[in-house]
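Report on the following structure.
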Amino acid sequence: MKRPIPMTLSVCLLILIVSLLVAETLTVKVQSTSLRSTPKFYSSAVQTLSAGQKLEKIAAQDGWIQVKTSGGVVGWVHSSAVEVPKFDLMASNKGLKTQASAGEVALAGKGFNKQVEESYRAKHKDVSFAWVDKMLQIKIAAAKIEEFMKKGKLGEFGGGR
Amino acid sequence: MSGHKRIVLVPIASLAMLFLASCAAVQSGADILAGAGQISESDRQSIVKTSQAVSATFSQITEEQEYYIGRSVAALILAQYPAYDNPALNTYINTLGQVMVYSSTRPEIYAGYHFLVLDTEEVNALSAPGGFIFISKGLIRRCKNEEMLASILAHEVGHVCSKHGLQAIKKSRLVDAFRVIGTEAARRYGSEELAQLTTAFEGALGDIVETLVVRGYDRKYEHEADELAVNFDVTAGYSPKGLTDFLQTMIGDTTTASAKGWFKTHPSAEQRMEKVKSRIGSLSSAPVEASVRTKRFEQSVAKLI
C-alpha cells in the first residue's frame, strides 16, 4: 500500500470544502411554519413553508434568520425551525449534542413515524388518540396572541420593570 | 513506528476525531474510504457500527420522531386523566402558553406546542415530548394570578425545550431503533423491521410515561425547568415571582392533593423555592405583576373552572 495517506487527506479535505460551500442553505425541519415579514412571531406571514423546503440564508438577528425561497420570496424564519447543514470545526469539539440536527433531513419520515404509530395503535386499541388530534386542532391566530400581549402589557408592549 | 509515520498519523487521527462528531459523516467517510480501497470492508463495517453505537442518544431523535413519540405519550396521559372539554378555558391556556413558547429557547417544533386542561382536582402539570402540555383543573385553581399560571406553563415548556422527556428513554431502545433505521433505506418498513421498531417504540413510551406519571423527573431536570421558567417569564414580561408564589402554596400542604402529581414528582417545594429565589435575586431587573393581567385572570379563568 503505497502513498495511502495523501489520498485519505485529499478525500477528507474535499468533504470539508463541500460542507463549507453548502453551509448557507437551510432546510425547514418543522411540519410547517410561516415565512414572516419581520423577525417576530406575530408579524404577518408572507407565505407558508413546509418540511424539507430549502432556503437561502441572507442575514441573522437575535435567533431569527432572513432567508430567500427558491421562488425569490424574502422573509424571516426562527432558527429553531430550520436545519443548518454544517461542519463546524468549533462545534465538533463540543461533542455530539451540538451536531444533533445533522441527520434531520436525511432521516425525514424514517424511524418512529406514522406507520409505527399505526402499528402501535393496532396492538393497543384501547388507547384513544381522539383528544390528541383535537389538541392539534387548537390553533391561536398570531393576531390574537399579539392582542393578548398588548392588553396584558407583555413583551415589547410592557414597561413594568 | 517511524517518526515520519507518527507525524502523518497525528493529523489523520485529528480528522478522525472531527468525523466522530457526526455519525453521518463517519459513515459516508468510511464508505468513501472503502470505495477508494483505503480500508477493508470489515474495517468499514466496524467504523459504521461504532459510530451508530456512539450516536444512540436522545439528541439523534429527529423532530418528526419526537412528534410521533409525543402523540402516543399524550394519548397514554389522556388514558389516565380525562380532558376538560371547555373551549374558552383551553383557548385562554393556549394563548398564554404560546406567549411562553415565543419567549422560550425552542419556539418552533415539528407540529408546534398545544395545551390542554385535564379534568382532575389533582395538582398536576405534564409535558409530553413534541409539545403536548397538560395542566390540571386542580393546579389552575391554586393559581391566584396570571403570573403563577404563566410560570407553571413556562416550566413545562422548558421540559420540552430541553427534551427532558426524551432523555428518559433507555439507550437500548434507541440502539434497537437506530439499527433498523440505519439498515433500511425505505420509509415504509417490512413486517420484520416494523415489528422491531414497534417494540422499541413501546419501550420508549413506557420509559417516558413511567418518568412523567409515576417516578418523576430527575431533580436536576426539575431545577433546570424552574430556571428556564424564570428566564421565559422575564422575556415574556411576567414577574418570575409567579413561580415562587406558586411554590409557596405547596409548602406545608397536607391535603390529599399533596400525595400526587406535582408534589410527588418533584424535588421538595422548599428546595425548589430556595434555588428559584437565588436565581431571581441574581437578575438585574425583573418585570412586576400587572393588575391588568390579574384582573383578566380573575375574570376569565376563575369563572371557568
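Quick mapping for you: the protein sequence lines, in order, are chains C and A.
End of the first sequence = 161 in my numbering, gap-free, step of one.
End of the second sequence = 1305 in my numbering, gap-free, step of one.
Note that CB positions come from ideal geometry on N, CA and C, so glycine has one too.
> Taking any Cβ of chain A, which residues in the region 106–120 of chain C have a Cβ under 8 Å from it, in chain order?
Replying inline: A106, L107, A108, G109, K110, G111, F112, N113, K114, Q115, V116, E117, S119 and Y120
>> Counting C-beta neighbours from all protein chains within 10 Å, is the total for S70(C) 16 or more, i.e. buried, or is it exposed?
In response: The residue labelled residue 70(C) in the question sits at position 70 within the first sequence. That one is exposed.
> Quick one: what does DSSP say F1132(A) is sitting in, helix, strand or coil?
Replying inline: Residue numbering aside, residue 1132(A) sits at position 132 when the second sequence is read from its first letter. Here F1132(A) sits in strand by DSSP.
> Is L1153(A) near I1140(A), with beta carbons less than 8 Å apart?
Replying inline: Within the second sequence, numbered from 1, the residue matching residue 1153(A) stands at position 153. Within the second sequence, numbered from 1, the residue matching residue 1140(A) stands at position 140. No, Cβ-Cβ distance for L1153(A) and I1140(A) is not below 8 Å.
>> Please report the straight-line C-alpha distance between L26(C) and G1130(A), rounded to a whole angstrom.
In response: The count along the first sequence starts at 1 and reaches residue 26(C) at position 26. The count along the second sequence starts at 1 and reaches residue 1130(A) at position 130. For L26(C) and G1130(A), the distance between alpha carbons rounds to 22 Å.
>> On the criterion of 16 or more Cβ atoms from any shown chain inside 10 Å, does A1088(A) qualify as buried, or is it exposed?
In response: Working through the second sequence from its first residue, we reach residue 1088(A) at position 88. It is exposed - the Cβ of A1088(A) has fewer than 16 other Cβ atoms within 10 Å.
>> For S37(C) and R1219(A), what's the separation of their Cα atoms in angstroms?
In response: By one-based count along the first sequence, residue 37(C) stands at place 37. By one-based count along the second sequence, residue 1219(A) stands at place 219. So the two alpha carbons sit approximately 41 Å from each other.
> Smallest Cα separation from N1094(A): which of E1066(A), T1120(A) and A1150(A)?
Replying inline: Sequence index remark: in the second sequence, residue 1094(A) carries index 94 (1-based). Selected option, being the one with the closest Cα: A1150(A).
> What in chain A is Cβ-close to Q47(C), meaning under 8 Å?
Replying inline: Position 47 of the first sequence holds residue 47(C). Simply none; closest approach about 16 Å.
>> Using only CA atoms, which one of L1205(A), L1304(A) and V1214(A) lies nearest to S1072(A)?
In response: Here residue 1072(A) corresponds to residue number 72 of the second sequence, with the count starting at 1. S1072(A) has its Cα closest to that of L1205(A), out of L1205(A), L1304(A) and V1214(A).
> Under the rule that 16 or more other beta-carbon atoms within 10 Å means buried, what is R1215(A), buried or exposed?
Replying inline: In the second sequence, the residue the question calls residue 1215(A) occupies position 215. R1215(A) should be labelled exposed.
>> So for S1284(A), helix, strand or coil by DSSP?
In response: The residue given as residue 1284(A) occupies position 284 in the second sequence. Residue state, collapsed to three classes: coil.
>> According to DSSP, is K151(C) part of a helix, a strand, or is it coil?
In response: Counting from 1 along the first sequence, the entry for residue 151(C) is found at position 151. Residue state, collapsed to three classes: helix.
>> Short of 6 Å in beta carbon distance, which residues of its chain neighbour D1247(A), apart from the five on each side in sequence? Order them along the chain.
In response: Numbered from its first residue, the second sequence carries residue 1247(A) at position 247. First, the residue type needs correcting, since residue 1247(A) is Leu and not Asp in the sequence shown. If we look at L1247(A) and ignore the five residues flanking it on each side, its Cβ neighbours are A1269, R1272 and M1273.
>> For N1124(A) and G1112(A), which I take to be in contact (beta-carbon distance under 8 Å), what is that distance rounded to the nearest angstrom?
In response: Within the second sequence, numbered from 1, the residue matching residue 1124(A) stands at position 124. Within the second sequence, numbered from 1, the residue matching residue 1112(A) stands at position 112. In fact, because the Cβ distance is near 23 Å, the residues do not count as touching under 8 Å.
> How should L14(C) be labelled, buried or exposed, when 16 other C-beta atoms within 10 angstroms of its C-beta is the threshold for buried?
Replying inline: For the purposes of this step, residue 14(C) is taken as residue 14 along the first sequence, with counting starting at 1. Exposed, because fewer than 16 other Cβ atoms sit within 10 Å of the Cβ of L14(C).
>> For chain A, check one thing: does any of its Cβ atoms lie closer than 8 Å to the Cβ of A60(C)?
In response: Sequence index remark: in the first sequence, residue 60(C) carries index 60 (1-based). Not closer than 8 Å to any Cβ of chain A, the Cβ of A60(C) fails to qualify, so no.
> Mapping DSSP to helix, strand and coil, what is G52(C)?
Replying inline: Position 52 of the first sequence, counted from the start, is the residue given in the question as residue 52(C). Here G52(C) sits in coil by DSSP.
> Just the Cα atoms here: how many angstroms apart are Y1067(A) and V116(C)?
Replying inline: Reading the second sequence from its first residue, position 67 is the one you call residue 1067(A). Reading the first sequence from its first residue, position 116 is the one you call residue 116(C). The alpha-carbon atoms of Y1067(A) and V116(C) are separated by roughly 12 Å.
>> Three Cβ pairs or more, each shorter than 8 Å: is that satisfied between the region 1074–1088 of chain A and the region 28–35 of chain C?
In response: no
>> Strictly below 9 Å CB to CB, what residues from chain A border T33(C)?
In response: For the purposes of this step, residue 33(C) is taken as the residue at position 33 of the first sequence. Within 9 Å Cβ-Cβ: E1108 and G1112.
> Excluding five sequence neighbours on each side, which residues of the same chain lie with their C-beta closer than 6 Å to the C-beta of G1261(A)?
Replying inline: Taking the first residue of the second sequence as position 1, residue 1261(A) is located at position 261. Contacts found: E1122, V1123 and N1124.
>> Let's see if you can read the secondary structure: which residues bound the beta strand (DSSP E) around G1115(A)?
In response: Start at 1 with the first residue of the second sequence, and residue 1115(A) comes out as number 115. Reading off the sequence shown, one finds Phe at residue 1115(A), where the question assumed Gly. Per DSSP, F1115(A) belongs to the beta strand (DSSP E) from H1114 to L1118.
> Using a Cβ-Cβ distance under 8 Å, would Q1027(A) count as near chain C?
Replying inline: Here the question's residue 1027(A) lines up with position 27 in the second sequence. Low per-residue confidence applies at Q1027(A): pLDDT is 49, beneath 50, and the placement is therefore not dependable, though the value from the model is reported in the following sentence. Q1027(A) does not count as touching chain C.
>> I'd like to know if E1063(A) contacts chain C, where contact means its C-beta is closer than 8 Å to some C-beta of that chain.
In response: Within the second sequence, the letter at position 63 stands for residue 1063(A). It does; some Cβ of chain C falls within 8 Å.
> For the region 1199–1216 of chain A, which residues have a CB atom closer than 7 Å to at least one CB atom of chain C, in sequence order?
Replying inline: F1201 and E1202
> Can you name the residues of chain C whose CB is closer than 8 Å to the CB of F1132(A)?
Replying inline: To locate residue 1132(A), count along the second sequence from 1; it is residue 132. By Cβ distance, chain C contributes V132 and M135.
>> Using the three-state DSSP reduction, which class does A1125(A) fall into: helix, strand or coil?
In response: Along the second sequence, one-based indexing puts residue 1125(A) at 125. Correct three-state label for A1125(A): strand.
> Are at least three pairs of beta-carbons, each pair with one atom in the region 130–143 of chain C and one in the region 53–72 of chain C, less than 8 Å apart?
Replying inline: no
>> Are the CB atoms of V1292(A) and K153(C) within a distance shorter than 8 Å?
In response: Here the question's residue 153(C) lines up with position 153 in the first sequence. Here the question's residue 1292(A) lines up with position 292 in the second sequence. Against a cut-off of 8 Å, the Cβ pair of V1292(A) and K153(C) comes out as a contact.
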